[in-house]
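Peer 1:
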Amino acid sequence: MIARNEKKLKHRIKEIKEKHPQANVDYIQFDFDTYNYPDENGQTQYSKLFQKIDSLEAEIVGIVNNVGILTIQPYEFMPHEVIDRMIKVNCLPAVHLTRHIIPKLLKRKSKSLILNIGAGFGEHGFPGVAVYGGTKAFIHSFTESLSSQYGGEIDVICSVPSPVESNMNPPGMKIPFSITARQHVEGTLKEIGYADQTYAHLKHDIISLIAKTPLFARELRKRQANHEEEIAKYERIRKEYQSKSTFKED
Numbered sequence: 007m008i009a010r011n012e013k014k015l016k017h018r019i020k021e022i023k024e025k026h027p028q029a030n031v032d033y034i035q036f037d038f039d040t041y042n043y044p045d046e047n048g049q050t051q052y053s054k055l056f057q058k059i060d061s062l063e064a065e066i067v068g069i070v071n072n073v074g075i076l077t078i079q080p081y082e083f084m085p086h087e088v089i090d091r092m093i094k095v096n097c098l099p100a101v102h103l104t105r106h107i108i109p110k111l112l113k114r115k116s117k118s119l120i121l122n123i124g125a126g127f128g129e130h131g132f133p134g135v136a137v138y139g140g141t142k143a144f145i146h147s148f149t150e151s152l153s154s155q156y157g158g159e160i161d162v163i164c165s166v167p168s169p170v171e172s173n174m175n176p177p178g179m180k181i182p183f184s185i186t187a188r189q190h191v192e193g194t195l196k197e198i199g200y201a202d203q204t205y206a207h208l209k210h211d212i213i214s215l216i217a218k219t220p221l222f223a224r225e226l227r228k229r230q231a232n233h234e235e236e237i238a239k240y241e242r243i244r245k246e247y248q249s250k251s252t253f254k255e256d
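Numbering (my numbering), first residue to last: 7 to 256.
#1: Identify whether T252 lies in helix, strand or coil by the three-state DSSP scheme.
#2: Could you give the first and the last residue of the continuous alpha helix (DSSP H) run that contains V70?
#3: Mind checking A125: buried by the 16 CB within 10 Å criterion, or exposed?
#4: Around the Cβ of H190, are there at least 16 other Cβ atoms within 10 angstroms (buried) or fewer (exposed)?
#5: For the candidate residues C164, V95, S147, A187, whose alpha-carbon lies nearest to that of V70?
#6: Buried or exposed, going by whether 16 or more other CB atoms sit within 10 Å of the CB of F83?
#7: Identify the continuous alpha helix (DSSP H) that holds S116 and give its terminal residues.
#8: By Cβ distance, which residues of its chain are closer than 6 angstroms to F144, with the 5 residues on each side in sequence left out?
#9: Find the nearest neighbour of F36 within the set N30, A64, Y52, judged by alpha-carbon distance.
#10: Would D202 and V162 be called neighbours here (beta carbons separated by less than 8 angstroms)?
#11: Just the Cα atoms here: how many angstroms apart are Q79 and H130?
#12: Looking only at C-alpha atoms, which of I34, Y33, I19 sits nearest to P27?
#13: Should A100 and F56 be called a contact, given that it needs their Cβ atoms to be closer than 8 angstroms?
#14: Please classify K142: is it buried, with 16 or more other beta-carbons within 10 angstroms of its beta-carbon, or exposed?
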């Protein structure tokens, strides 16, 4: 297991071992938001991570790429550093970790697994998630290409959830058609070996179908037009306020 919060990692491992005493679970503390350019010795944060992975005694039989961050915000107001961070965290770990581990998977005599976590936002455009949706669309395409090349030797699958109850959601918010993390995992595991993409649950199958209908697309365009009208109204008020607040000294 790889995550940035060591305290949570230790707690999660404790939970796993309590339920499955025979399980051999190890962890690596790493913050994927700290990616940097090579230092004077040619080392990057990923180079150091790879060294830790190679030092593990257990055989690697698969990889689950689940790291990601989400910022919902109109694109014209999104800071450039937020854009860079989402692309860096949502795309690069899956690419670099899979590249490092896939040779090990190909050497195994039995089937291995590459499981990438996408998102419904990566399939259907929604206001406020242009960058996040773009990063998830990349993960979908990345998975499809890997499956095309290695599908005969490795089970490669992308799980494409819509709303899942997680820390990404605002506290207390009830989202229609949302499912639990357990439901998402169980639904995904059932599809391994049978498909290279899954929505993991009937609720999310329905969401995907609805999002593809012309009526839904028209409603999105309508909401986008209303959003643009509100932005224009805000700009008019801001300029009017600035003009009244500006004065010249004699």
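Don't be surprised by glycine CBs; every beta carbon is placed ideally from N, CA and C. It should be emphasised that the depicted structure is a prediction, and the values quoted were computed from it without experimental measurement.
Peer 2: Taking the coordinates as given:
#1: Per-residue confidence for T252 stands at a pLDDT of 49, beneath the threshold of 50, marking its modelled position as unreliable; the derived number appears in the next sentence. Here T252 sits in coil by DSSP.
#2: For V70, there is no enclosing alpha helix (DSSP H); the enclosing beta strand (DSSP E) has its first and last residue at 68 to 71.
#3: A125 should be labelled buried.
#4: Around the beta-carbon of H190, 16 or more other beta-carbon atoms lie within 10 Å, marking it buried.
#5: Residue nearest to V70 within the set C164, V95, S147, A187 is C164 (criterion: CA-CA distance).
#6: When all chains shown are included, F83 counts as exposed.
#7: Note, S116: premise wrong, no alpha helix (DSSP H); not H, not E.
#8: Excluding sequence positions up to five before and after F144, its CB lies within less than 6 angstroms of the CB of C97, all in the same chain and listed in chain order.
#9: Residue Y52 is the option with its Cα nearest to F36.
#10: Closer than 8 angstroms, so yes.
#11: The straight-line gap from Cα to Cα measures roughly 17 angstroms.
#12: If we check each option's Cα against that of P27, I19 comes out closest.
#13: Between A100 and F56, the C-beta spacing is not below 8 angstroms.
#14: It counts as buried.
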